[in-house]
Amino acid sequence: MTKSNNHWPDSSAGLSRRSFLKGAGAGALALSLGPLAGPWVQAAETITIGMANPLETFFGQAAEKALLLGIKQINASGGLLGKNLDLITSDTAGRPDQALLAVEDLANRGADFLTGFFFSEALIGTIPAIPVVRKILLDTGASTPVLTIQVSKDYNNFKFFFRLGPVNSFFLLQLSVGFVRDFLEGKLGWKKIVLLAEDSAWTKPITDSFQTLLGAFGSKVQVVDVIRYAESTTDFTSLFSRAVKAGSDGLFTIMAHTGTRPTAQWAAQKVPLPLVGINVQAQQGNFDQLTNGAAESVVTLTSAARAPVTKKTIPFVDDFAAFSDVFPQVTIPSYNAFSSYDALFMLKEAVEKAGTLPDNEANTDKIIAELEQFGALKDGKPTDLFVGTTGHLGFYQRGEIGVTPLMPKQAFPHDLRFGPGLAGGLWIQWQSGKQQVISPANLKTAGFVLPPWMR
Amino acid sequence: MTPALARPKWQLIRYALYLIPLVFLFLVPQLFAQNPFLLNVLILANIWAIFAMSWDILSGYTGQISFGHSFFIGLGGYTSALLSLATGWSPWLTIPIGGVVAALGGLILAAPALRLRGPYLALITLVIALALQRLVPMLNLSSSGAEGAILCFPKCFISYNVTTKYYYSLILLALVTVGLLLVARSRLGRAFEAIRDDEEAAAAAGLHVSKYKSLAFLISGFVAGLGGAFLVNHMTFASSGLVLSLNVSIEVIIAAVLGGMGTIIGPIGGAYFMVVLREYLRPLGIWRFFIFTLLAILVLFFLPRGLFTELRLRLRQFWRQLFPSTPVSYRPLQAAADQADGAPRPLQSVPSPKQAGDASDWLLEVKDLRKAFGGLLAVNKMSFGVHPGEILGFIGPNGAGKTTVFNLIMGLFHPDGGQVRFRGREITGWLPHRVVGAGIARTFQIPRPFAHKTVAENVAIPALSGRHFARSRSIRREEWVQRCCARTGLLAKADIYPSELPDADLRRLEIAKALATDPELLLLDEPFAGLSLAEMEEISQLIERLRREGHAIVLVDHNMRGLMKLVDRVVVINFGEKLAEGRPDQVAENQDVQEAYLAGGGR
Amino acid sequence: MSTLAEILISGFLISSLYALVAVGFTMIFGVAGVMNLAHGAFVMVGAYIAIWAATMMGWNIYLAFSLAIIGMALFAPLVYRLLVRPISKRPVIVFLITLLLAVLLEQTMALLFSTTPRILPRLVTGDIYLLGINISYNRIVASLIAVGIIGLLWFTVQRTKTGQAILALSMNRKGAALVGIRAERITLLVWAISGALAAVAGLFSASFLGISPLGDRLPLVIAFSAVVLGGLGSIPGSLWAAFIIGYAETITAQFFPEARGLVSLFILIVILTIRPQGLLGREIA
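Residue numbers (numbering that gives the first Met the number 0), protein chains in the order written: chain A, 0 to 454; chain B, 0 to 602; chain C, 0 to 284.
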């Protein structure tokens with residue numbers, strides 16, 4: 000053993016040694032790659048649902064739990080077309096390159112249908128995969144309109160994509176503006192608000208157009224300040240005092256990647272402004288615990304809650320809480336869990352109507368056609384709506400232009416219909432450690448409360 | 000022949016052998032029924048291999064550890080996406096342009112980075128990458144509210160067909176590998192490695208360190224940008240999480256180091272290991288990343304040189320146990336060696352030594368040189384000169400400032416005042432590589448060989464600057480290296496690593512390296528320190544021989560007795576100032592000198 | 000005027016926390032020559048130990064805090080012994096292994112506690128209005144403790160024998176061993192102190208900033224920046240740097256909240272360009 004590295008005189012021995020090395024390397028490569036290539040042996044007697052989600056997050060776990068609950072119920076009542084359903088999952092880790100591989104992985108392992116997604120950035124990563132995998136993909140959590148725009152531009156390659164929830168970002172904006180007008184202004188008499196948004200690309204169109212849209216919707220509420228904070232902000236003190244100085248009736252939040260930190264500081268500093276708006280992290284069942292009680296009086300938009308949105312909602316919420324075989328610590332479904340459950344049953348109905356499984360492109364097209372029937376327009380009105388837990392669900396059709404002030408000429412085929420009587424989401428408020436519905440009026444379980452230090 | 004200058008035939012065969020795994024990879028679609036999952040995994044692996052190799056040519060080869068490679072990847076990716084959106088050009092154009100923009104970004108990064116070393120450099124690369132990541136969303140580039148992603152689909156989409164994309168990625172990988180290997184094995188690569196091993200010694204060897212570092216940033220940036228643009232085109236969009244996040248930078252480093260830094264091929268293995276293993280572990284669900292990180296830690300812990308390098312090492316040892324080889328013989332070279340030894344240098348005329356006080360005849364002239372470090376005045380009003388062909392002694396107690404004077408002449412430090420003239424030209428404050436280019440070379444007090452190179456390779460480094468070619472184009476580099484080795488008596492040991500050399504030989508190596516820059520003036524810093532009497536005798540003879548061959552020499556030491564016989568004149572320094580100057584016997588009698596220095600009896 | 004007061008107070012509160020993180024990082028680098036890139040993860044793990052104890056086991060908050068500090072003070076030297084010392088001859092690998100350790104710790108916490116951000120219960124409840132700004136007692140206590148600990152550390156290093164040993168070791172490892180300083184013992188002690196400091200920083204920042212395993216690695220970036228900016232191995236330097244970064248962020252947050260992350264980075268770039276050795280670092284000879 001010499002002291003020095005790289006001490007290797009060139010000689011004819013080098014030829015064989017190197018070739019041995021290369022051969023061994025090639026062999027190892029072959030051995031290692033083999034198992035990655037499919038196809039897994041498929042049990043022909045089951046229908047496989049593939050879920051792609053960030054499995055480490057609460058949202059991924061809730062969605063998985065909802066799907067398993069639904070599958071258990073469907074199998075108990077005879078299955079689908081006489082076959083049992085089962086679930087396989089693949090992790091997207093919230094990253095687009097991983098989402099791409101997750102979709103490919105699920106297809107490789109024999110998934111017949113795909114569902115899932117939470118982070119919009121990850122969903123976008125599936126664009127190269129969808130035309131290749133050619134399986135129906137039901138998005139249950141990401142709101143980016145990009146995918147449905149693809150459906151409108153390249154139907155033949157992207158017809159597989161449907162969004163079951165939430166409504167897309169443009170509609171979320173309209174929802175928010177509607178809430179400000181109807182509830183905050185209409186019921187609480189607010190006149191001025193301050194927008195508090197995380198500085199992400201998804202919030203930019205919202206904050207840019209909020210005031211205009213308010214005016215367009217006939218509201219007199221004024222946006223007196225727009226505070227966009229970097230996602231990595233640690234200290235919100237100066238932002239809150241800026242909001243207070245602006246003189247408003249409350250803070251309207253637009254947060255998804257952040258939420259815990261600003262909420263906790265808002266409560267700790269006893270900011271004299273209610274915190275309402277889109278606060279995705281506040282949807283989590285244990286948000287109050289996570290923030291150590293700072294959740295009290297926080298309002299957020301969500302797809303559904305324990306309220307009679309439809310006749311299916313409350314039974315699902317109760318079944319979900321009772322379903323302790325899986326993730327027992329996840330007791331309240333998140334918005335994407337509701338949508339995942341809906342997706343499953345909607346799919347079941349479409350498959351039964353089509354009478355076939357997606358074993359080739361023609362049969363897949365039949366199922367797609369059935370899905371497209373949900374919410375199809377007849378005499379200008381959507382019919383055949385599917386009764387889900389989040390509302391009456393239907394899809395926009397090809398060529399149909401929805402009401403989207405921000406993109407007036409864009410169609411969103413296969414996107415969830417938005418409007419009264421359809422899927423509209425509801426607004427919940429944390430009160431005494433529980434989520435109460437405060438809007439819309441026909442579903443409300445409690446009235447609005449002020450933050451504890453303002454009472 | 001020395002290993003550094005390996006026979007071209009074996010190089011070709013070695014490259015041919017690298018093709019075997021490549022051929023296998025080309026056959027994968029056929030072998031595995033074009034499975035899209037597998038192909039997508041391998042596309043990603045290829046892209047990460049490109050990233051990892053780009054990191055390696057910079058950080059593995061020059062030692063500038065980049066912690067923000069996402070800067071280049073993101074620049075390349077976003078450029079390609081934006082260009083595709085704005086102009087509709089095909090990926091064949093936007094991808095190379097992305098690479099070019101990233102390369103230019105590399106130059107921007109290089110500007111502050113050139114002055115920084117170690118963790119400071121790592122920090123600035125990290126910070127600049129983070130700054131870009133935070134800047135991009137502020138620029139409001141994306142339209143459709145798509146989470147900050149710039150969707151360039153379908154114009155930027157390389158192909159719907161996964162197999163086609165796979166082949167494209169493989170071809171890109173092959174091109175990048177070949178290109179970077181050529182760079183790494185070339186003189187450029189040798190220069191990079193020298194800078195990594197010892198930046199100051201590299202500068203003293205005449206390498207323009209800043210130029211090489213900038214080149215490394217440029218090349219690395221270009222390749223990373225290419226990879227980033229390809230990734231964006233593969234995914235059809237550019238987004239912060241995809242190409243700009245800190246995770247990307249970290250994963251690039253993991254892939255490269257796991258594979259083996261400084262090898263170019265190693266990082267390919269590292270990237271494959273990282274990407275393929277992670278997908279392999281998919282069935283583990285949420286445990287996947289945990290298990291992978293654990294495995295990576297274990298690999299690094301037990302195989303710190305990296306998978307590829309360790310494997311290569313073990314295989315070599317195994318092979319040598321089976322087939323012990325005989326040392327390479329140098330017989331064919333003896334003739335050249337005999338010829339080189341003692342031959343006078345072709346152009347320089349040898350003037351008569353021991354001529355004092357001829358002011359118009361200075362080879363090197365130092366006037367009123369001054370340098371302070373903080374509050375300490377290290378060198379003050381230093382003036383002296385060196386005649387052509389003379390041996391000047393520089394003596395003084397420890398800390399008198401002798402080495403500092405050398406450093407000032409060589410351009411390692413900027414003098415606060417004074418002038419240095421060489422052959423009549425003012426060279427005060429010139430960068431080291433220019434001073435070396437002008438014809439001055441120095442050795443270091445403690446020998447600083449490039450540890451990972453053989454003696455011959457060490458001597459070849461200064462020859463990279465190409466100066467000797469100016470002298471005589473007919474001399475090939477290998478011959479020049481051999482000559483320098485021969486002149487210092489190291490020819491028989493040309494194939495040995497410095498760690499195996501005794502002290503005296505390390506001194507010889509220092510001198511050989513200095514000679515390789517073809518200097519007229521040699522500054523030898525304590526060449527006798529720590530040597531036995533016999534060794535001192537040998538080095539003295541060497542120095543005499545060098546003078547006979549026409550070099551002027553300045554010799555620093557505090558061994559008065561040994562020095563006095565060798566030198567023509569002496570300059571005595573104390574506390575940064577010149578105490579006395581003149582012939583050895585004159586100086587020895589100088590009262591001040593005796594008090595300050597010899598009073599202790601002389602050592 | 001109240002804006003100024005706000006900036007001064009807020010800036011101080013956040014900077015003192017950053018300083019706590021930075022000092023722990025610098026100490027290890029100064030004494031052991033190791034860039035412990037897992038330091039940010041130590042901050043996080045400290046917070047999670049307390050979260051586990053306080054919220055899941057229902058312990059008293061003081062007990063939970065103590066457990067976290069002691070736990071990290073034991074964990075950090077363990078990391079040194081098992082992971083760092085065996086490979087200490089290869090600084091690049093140490094760099095990377097500590098980084099991988101950070102990732103591993105993040106993954107472990109994510110598996111155990113999920114990725115949702117959490118807030119740690121506060122040590123002290125209640126708040127006070129200082130110059131018109133509402134500040135919780137918790138934050139004031141955090142700052143005072145941070146400053147107190149750093150002061151105590153400084154005093155220890157300057158005045159006690161152990162402290163002098165630490166200083167000596169940071170200047171010259173071999174030399175220190177030659178004069179009888181037990182390098183290994185001191186190194187372990189320094190790692191323990193660093194772990195404890197990280198835990199304290201984690202505890203306080205988690206109580207008002209929240210903690211999440213897959214965060215943006217903020218503590219590490221701050222620590223690394225402050226330490227390099229201040230000049231490697233210089234504790235006063237990293238203190239100065241922590242305050243510069245903290246105040247820069249606070250001022251930016253006041254006037255340009257979107258650019259918050261950017262300004263401190265630009266300051267770093269500028270300072271490193273002008274003074275490559277950092278504010279108080281030794282000139283690279």
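Quick reminder that beta carbons are idealized off the backbone N, C-alpha and C, glycines included. All figures in this text were calculated on a predicted structure; none of them were measured in a lab.
Across the set A:D111, A:F417 and A:I135, the C-alpha of A:I135 shows the shortest separation from the C-alpha of F157 (chain A).
Listed along chain B are F289, each with a C-beta nearer than 8 Å to that of T107 (chain C). When the beta-carbon positions are compared, E509 (chain B) and H550 (chain B) stay at least 8 Å from each other. In terms of CA proximity to M55 (chain C), A:Q328 leads the group A:Q328, A:A92 and A:G214. If you draw a straight line from the Cα of A15 (chain B) to the Cα of A491 (chain B), it comes to about 32 Å. Non-local beta-carbon contacts of V123 (chain C) in its own chain, meaning distances under 6 Å to residues more than five positions away in sequence, involve Y136, N137 and V140 in chain order.
Judged by DSSP secondary structure, V480 (chain B) falls outside any beta strand (DSSP E) and instead within the alpha helix (DSSP H) spanning R476 to R486. Think of a sphere of 9 Å around the beta carbon of T91 (chain A): no beta carbon from chain C falls inside it, the nearest being about 13 Å out. In this structure, L257 (chain B) sits away from A223 (chain B), with a CB-CB distance that is not shorter than 8 Å. Close CB contacts of L300 (chain A) within its chain, under the 6 Å cut and outside five residues either way in sequence, are with I277, G424 and W426 (chain order).
Here the alpha carbon of L146 (chain A) sits roughly 48 Å from the alpha carbon of F64 (chain C). Relative to the Cα of V226 (chain C), the nearest Cα in the group C:Q276, C:Y61, C:S87 and C:L168 belongs to C:Q276.
Linking P271 (chain A) to P261 (chain A) through their CA atoms gives a straight-line distance of about 14 Å.
Contact between I48 (chain A) and L84 (chain A) holds: CB atoms are separated by about 6 Å, below the 8 Å threshold.
In the DSSP assignment, Y246 (chain C) falls within the alpha helix (DSSP H) that extends over I234 to F254. Bounds of any beta strand (DSSP E) do not take in Q320 (chain B); it lies within the alpha helix (DSSP H) bounded by L306 to L321. Following the DSSP letters along the chain, one finds S175 (chain A) inside the alpha helix (DSSP H) bounded by residues S168 to F178. A direct Cα-Cα distance of roughly 27 Å separates F182 (chain A) from L384 (chain A).
At least 8 Å separates the beta-carbon of K244 (chain A) from that of W452 (chain A). By the C-beta criterion, the stretch 96-106 of chain B is judged not to be in contact with the stretch 279-295 of chain B, since fewer than 3 inter-stretch pairs fall below 8 Å.
With 16 or more other Cβ atoms inside 10 Å of its own Cβ, G401 (chain A) counts as buried.
Listed by position along chain B, the residues whose Cβ is nearer than 8 Å to that of R216 (chain C) are L245. Taking 8 Å as the cut-off, the Cβ atoms of R162 (chain A) and H413 (chain A) count as close. V44 (chain C) and L119 (chain C) do not touch by the CB rule: their CB atoms are close to 13 Å apart, not below 8 Å.
Judged by pairs of C-beta atoms under 8 Å, the stretch 382-396 of chain B touches the stretch 534-549 of chain B, as three or more such pairs exist. When DSSP states are grouped into helix, strand and coil, D85 (chain A) belongs to the strand group. Using a Cβ distance threshold of 8 Å, H451 (chain B) and D55 (chain B) do not count as a contacting pair.
Around the C-beta of D248 (chain A), 16 or more other C-beta atoms lie within 10 Å, and the residue is accordingly described as buried. Along the stretch 52-68 of chain A, the positions whose C-beta sits under 7 Å from a C-beta of chain C are E55, T56 and F57, read in chain order. The straight-line gap separating the alpha-carbon atoms of E525 (chain B) and E594 (chain B) is approximately 23 Å. When DSSP states are grouped into helix, strand and coil, T299 (chain A) belongs to the strand group.
As a beta-bridge residue in DSSP terms, S135 (chain C) pairs with C:D126.
Closer than 9 Å at the C-beta level to chain C, one finds no residue of the stretch 554-580 of chain B. Within the stretch 205-236 of chain A, contact with chain C at the beta-carbon level (separation under 9 Å) is assigned to I226, R227, Y228, A229, E230, S231, T232, T233, D234, F235 and T236.
Taken through DSSP and simplified to helix, strand or coil, W361 (chain B) comes out as coil. Boundaries of the alpha helix (DSSP H) harbouring D341 (chain A): Y334 to A353, taken from the DSSP string.
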